[in-house]
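A quick write-up on the structure given underneath.
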Amino acid sequence: MGRHSNFEKETVLKNALALFWSRGFTATSLRQLEEVTELHPGSLYHHFKNKEGLYISVLKYYLEHDMQIRINRYLTGDSPLDGIRRFLTTRYRNHQEEHYRNCCFLACSSVELHQLPQEARDLVNKGITDIQSAFEKQLSQLADKGYNSLPEDSFPEDSLSKGSLSKDTAEKARQLTCLFLGLQLFARIRPNQHQLDTMVKSSLQRILMPDNH
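Residues 1 to 213, numbered by UniProt numbering, are exactly what the sequence shown covers, in order.
Printed below as a string of C-alpha coordinates:
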(Lines of atoms letter the chains of each structure in order from A and count residues from 1; the text may use other names and numbers.)
(Lines give C-alpha, C1' and ligand atoms only; values in the text may rest on other atoms or scores of the structure.)
Protein backbone atom coordinates (compact mmCIF):
# COMPACT_ATOMS: atom_id res chain seq x y z
CA MET A 1 0.00 0.00 0.00
CA GLY A 2 1.29 3.47 -0.86
CA ARG A 3 2.15 6.07 1.76
CA HIS A 4 1.17 9.73 1.87
CA SER A 5 4.14 12.05 1.46
CA ASN A 6 2.36 14.75 3.47
CA PHE A 7 0.89 14.22 6.92
CA GLU A 8 -2.87 14.84 6.79
CA LYS A 9 -3.81 14.72 10.44
CA GLU A 10 -7.60 14.79 10.09
CA THR A 11 -7.57 11.98 7.52
CA VAL A 12 -5.26 9.93 9.74
CA LEU A 13 -7.50 10.46 12.77
CA LYS A 14 -10.67 9.58 10.84
CA ASN A 15 -9.16 6.36 9.53
CA ALA A 16 -7.74 5.40 12.91
CA LEU A 17 -11.09 6.20 14.53
CA ALA A 18 -12.91 3.82 12.17
CA LEU A 19 -10.45 1.03 13.04
CA PHE A 20 -10.51 1.60 16.81
CA TRP A 21 -14.29 1.94 16.68
CA SER A 22 -14.82 -1.36 14.87
CA ARG A 23 -12.16 -3.44 16.67
CA GLY A 24 -11.58 -1.75 20.02
CA PHE A 25 -8.36 -0.51 21.58
CA THR A 26 -6.97 -3.85 22.75
CA ALA A 27 -7.64 -5.81 19.54
CA THR A 28 -6.17 -3.14 17.25
CA SER A 29 -2.54 -3.70 16.32
CA LEU A 30 0.11 -1.20 15.31
CA ARG A 31 0.42 -2.92 11.94
CA GLN A 32 -3.29 -2.41 11.30
CA LEU A 33 -2.99 1.23 12.30
CA GLU A 34 -0.05 1.68 9.94
CA GLU A 35 -2.15 0.24 7.12
CA VAL A 36 -5.28 2.33 7.64
CA THR A 37 -3.40 5.56 8.33
CA GLU A 38 -0.78 4.89 5.62
CA LEU A 39 1.93 6.00 8.02
CA HIS A 40 5.35 4.38 8.30
CA PRO A 41 6.19 3.18 11.83
CA GLY A 42 8.61 6.09 12.18
CA SER A 43 5.98 8.64 11.13
CA LEU A 44 3.40 7.17 13.48
CA TYR A 45 5.88 7.37 16.34
CA HIS A 46 6.90 10.91 15.40
CA HIS A 47 3.34 12.23 15.45
CA PHE A 48 1.72 10.06 18.16
CA LYS A 49 4.55 8.19 19.98
CA ASN A 50 2.60 4.89 20.20
CA LYS A 51 -0.82 3.26 19.96
CA GLU A 52 -1.90 4.85 23.23
CA GLY A 53 -0.98 8.31 21.99
CA LEU A 54 -2.89 7.81 18.75
CA TYR A 55 -5.92 6.56 20.68
CA ILE A 56 -5.89 9.66 22.88
CA SER A 57 -5.73 11.88 19.78
CA VAL A 58 -8.57 9.92 18.18
CA LEU A 59 -10.71 10.20 21.32
CA LYS A 60 -10.12 13.96 21.49
CA TYR A 61 -11.05 14.24 17.82
CA TYR A 62 -14.24 12.24 18.36
CA LEU A 63 -15.35 14.32 21.34
CA GLU A 64 -14.73 17.59 19.49
CA HIS A 65 -15.98 16.65 16.01
CA ASP A 66 -18.75 14.16 16.68
CA MET A 67 -20.03 14.22 20.23
CA GLN A 68 -19.95 18.00 20.69
CA ILE A 69 -21.66 18.50 17.33
CA ARG A 70 -24.40 16.05 18.36
CA ILE A 71 -24.82 17.81 21.71
CA ASN A 72 -25.08 21.19 19.99
CA ARG A 73 -27.55 19.84 17.44
CA TYR A 74 -29.91 17.99 19.75
CA LEU A 75 -29.40 19.23 23.32
CA THR A 76 -29.31 23.00 22.94
CA GLY A 77 -32.53 23.74 21.01
CA ASP A 78 -35.98 25.05 21.84
CA SER A 79 -37.68 21.61 21.80
CA PRO A 80 -36.05 19.92 24.80
CA LEU A 81 -37.91 16.60 24.84
CA ASP A 82 -37.65 16.10 21.10
CA GLY A 83 -33.95 16.94 21.28
CA ILE A 84 -33.39 14.42 24.07
CA ARG A 85 -35.26 11.74 22.11
CA ARG A 86 -33.27 12.43 18.95
CA PHE A 87 -29.97 12.42 20.82
CA LEU A 88 -30.85 8.99 22.19
CA THR A 89 -32.08 7.47 18.93
CA THR A 90 -30.01 8.84 16.03
CA ARG A 91 -26.76 7.14 17.05
CA TYR A 92 -28.00 3.62 16.24
CA ARG A 93 -29.40 4.39 12.78
CA ASN A 94 -26.46 3.27 10.65
CA HIS A 95 -26.11 1.19 7.51
CA GLN A 96 -25.61 -2.56 7.84
CA GLU A 97 -21.90 -2.33 7.05
CA GLU A 98 -21.40 0.29 9.79
CA HIS A 99 -23.26 -1.37 12.66
CA TYR A 100 -20.20 -0.90 14.84
CA ARG A 101 -21.12 2.80 14.84
CA ASN A 102 -24.45 2.01 16.52
CA CYS A 103 -22.48 2.16 19.75
CA CYS A 104 -20.96 5.61 20.18
CA PHE A 105 -17.18 5.60 20.43
CA LEU A 106 -17.37 7.07 23.92
CA ALA A 107 -19.40 4.07 25.14
CA CYS A 108 -17.06 1.67 23.34
CA SER A 109 -14.11 3.30 25.10
CA SER A 110 -15.80 3.01 28.49
CA VAL A 111 -16.02 -0.77 28.06
CA GLU A 112 -12.21 -0.94 27.82
CA LEU A 113 -11.57 1.75 30.41
CA HIS A 114 -9.25 -0.44 32.50
CA GLN A 115 -7.05 -0.99 29.42
CA LEU A 116 -6.70 2.68 28.49
CA PRO A 117 -4.02 5.18 29.54
CA GLN A 118 -5.03 7.63 32.25
CA GLU A 119 -5.44 10.56 29.85
CA ALA A 120 -7.91 8.55 27.78
CA ARG A 121 -9.83 7.61 30.94
CA ASP A 122 -10.05 11.29 31.86
CA LEU A 123 -11.36 12.10 28.38
CA VAL A 124 -14.04 9.40 28.66
CA ASN A 125 -15.15 10.80 32.02
CA LYS A 126 -15.21 14.33 30.62
CA GLY A 127 -17.32 13.22 27.66
CA ILE A 128 -19.85 11.51 29.91
CA THR A 129 -19.95 14.57 32.18
CA ASP A 130 -20.60 16.84 29.18
CA ILE A 131 -23.53 14.66 28.10
CA GLN A 132 -25.01 14.65 31.59
CA SER A 133 -24.68 18.44 31.86
CA ALA A 134 -26.40 18.88 28.50
CA PHE A 135 -29.24 16.60 29.60
CA GLU A 136 -29.66 18.59 32.82
CA LYS A 137 -29.87 21.88 30.93
CA GLN A 138 -32.56 20.44 28.66
CA LEU A 139 -34.53 19.11 31.62
CA SER A 140 -34.41 22.52 33.29
CA GLN A 141 -35.67 24.09 30.08
CA LEU A 142 -38.39 21.45 29.82
CA ALA A 143 -39.48 22.14 33.40
CA ASP A 144 -39.78 25.84 32.60
CA LYS A 145 -41.88 25.15 29.51
CA GLY A 146 -44.24 22.64 31.16
CA TYR A 147 -46.11 19.77 29.52
CA ASN A 148 -47.72 21.93 26.79
CA SER A 149 -44.42 21.81 24.87
CA LEU A 150 -44.40 18.00 24.70
CA PRO A 151 -45.26 16.11 21.48
CA GLU A 152 -48.76 14.67 21.73
CA ASP A 153 -47.68 11.07 21.14
CA SER A 154 -44.97 11.06 23.81
CA PHE A 155 -46.91 11.27 27.06
CA PRO A 156 -50.49 11.64 28.29
CA GLU A 157 -51.41 15.29 28.60
CA ASP A 158 -51.53 15.17 32.40
CA SER A 159 -48.42 13.02 32.90
CA LEU A 160 -45.97 15.90 33.22
CA SER A 161 -46.11 19.23 34.98
CA LYS A 162 -43.62 21.96 35.72
CA GLY A 163 -43.27 20.71 39.27
CA SER A 164 -42.58 17.13 38.22
CA LEU A 165 -39.46 18.08 36.27
CA SER A 166 -38.17 20.93 38.41
CA LYS A 167 -37.28 18.42 41.15
CA ASP A 168 -34.09 16.36 40.95
CA THR A 169 -33.09 17.40 37.44
CA ALA A 170 -29.52 16.31 38.24
CA GLU A 171 -30.67 12.80 39.17
CA LYS A 172 -32.88 12.57 36.07
CA ALA A 173 -29.93 13.71 33.95
CA ARG A 174 -27.82 10.93 35.46
CA GLN A 175 -30.54 8.42 34.61
CA LEU A 176 -30.71 9.70 31.03
CA THR A 177 -26.93 9.41 30.74
CA CYS A 178 -27.08 5.81 31.95
CA LEU A 179 -29.88 5.16 29.46
CA PHE A 180 -27.78 6.63 26.65
CA LEU A 181 -24.74 4.50 27.46
CA GLY A 182 -26.81 1.34 27.87
CA LEU A 183 -28.59 1.91 24.57
CA GLN A 184 -25.28 2.21 22.75
CA LEU A 185 -24.09 -1.19 23.91
CA PHE A 186 -27.46 -2.85 23.32
CA ALA A 187 -27.64 -1.36 19.83
CA ARG A 188 -24.29 -2.88 18.91
CA ILE A 189 -25.38 -6.32 20.06
CA ARG A 190 -28.98 -6.21 18.78
CA PRO A 191 -29.38 -3.44 16.17
CA ASN A 192 -33.17 -3.61 15.96
CA GLN A 193 -34.39 -0.03 15.50
CA HIS A 194 -38.01 -0.75 16.39
CA GLN A 195 -37.06 -2.42 19.67
CA LEU A 196 -34.62 0.35 20.50
CA ASP A 197 -37.16 3.08 19.73
CA THR A 198 -39.67 1.34 22.00
CA MET A 199 -37.07 1.14 24.77
CA VAL A 200 -36.35 4.85 24.44
CA LYS A 201 -40.03 5.83 24.65
CA SER A 202 -40.81 3.63 27.66
CA SER A 203 -37.60 4.66 29.44
CA LEU A 204 -38.29 8.36 28.92
CA GLN A 205 -41.78 7.91 30.34
CA ARG A 206 -40.40 6.13 33.40
CA ILE A 207 -37.63 8.69 34.01
CA LEU A 208 -39.63 11.85 33.36
CA MET A 209 -43.01 10.98 34.89
CA PRO A 210 -43.69 12.26 38.42
CA ASP A 211 -42.66 9.82 41.13
CA ASN A 212 -46.22 9.59 42.44
CA HIS A 213 -47.77 8.94 39.00
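Backbone N, C-alpha and C define an ideal beta-carbon position, used for all residues, glycine too.
None of the values given here were measured: they were computed from a predicted structure.
Could you give the first and the last residue of the continuous alpha helix (DSSP H) run that contains residue i?
i      : result
Pro80  : 80-89
Glu98  : Note, Glu98: premise wrong, no alpha helix (DSSP H); not H, not E.
Gln205 : 193-208
Arg73  : 68-74
Pro41  : 41-48
Ser29  : Where Ser29 is concerned, there is no enclosing alpha helix (DSSP H), given that its DSSP letter is neither H nor E.
Glu52  : 51-62
Gln184 : 169-189
Cys103 : Here Cys103 belongs to no alpha helix (DSSP H), and DSSP marks it neither H nor E.
Of the residues the options, which one's Cα is nearest the Cα of residue i?
i           : options                        : result
Ser109      : Pro41, Gly127, Met209          : Gly127
Arg188      : Gly77, Lys14, Leu81, Asn94     : Asn94
Ala120      : Gln132, Glu136, Leu106, Ile131 : Leu106
Asn50       : Asp66, Arg31, Leu81, Met67     : Arg31
Phe87       : His99, Met67, Tyr100           : Met67
Tyr62       : Arg190, Leu13, Thr169          : Leu13
Gln141      : Ile131, Pro117, Asp130, Thr169 : Thr169
Ala18       : Glu52, Arg101, Ile207          : Arg101
Ser29       : Phe180, Tyr55, Lys9, Leu185    : Tyr55
Cys178      : Ser203, Lys60, Pro80           : Ser203
Val58       : Asn72, Asp78, Thr37            : Thr37
Ala134      : Leu75, Asn192, Leu181          : Leu75
Glu10       : Trp21, Gly53, Phe25, His65     : His65
Leu39       : Gly53, Glu8, Phe25             : Glu8
Phe186      : Pro80, His99, Pro117           : His99
Gln193      : Tyr92, Cys103, Ile71           : Tyr92
Glu112      : Leu208, Arg23, Leu183, Ala143  : Arg23
Trp21       : Glu34, Ser79, Cys104, Gln184   : Cys104
residue 220 : Ala27, Asn125, Leu81           : A question about residue 220 goes unanswered here, because the residues of the chain that appear run from 1 up to 213.
Ser79       : Ala143, Thr129, Ala16, Ile131  : Ala143
### Message
Does the contact criterion of 3 or more C-beta pairs under 8 Å hold for the stretch 69-88 versus the stretch 36-47?
### Response
no
### Query
With contact counted as at least three CB pairs below 8 Å, one residue from each stretch, are the stretch 127-138 and the stretch 172-181 in contact?
yes
### Message
Extract the residue ranges of the alpha helix (DSSP H) inside the stretch 111-150, only unbroken runs of 4 or more that lie entirely within it.
### Response
118-145
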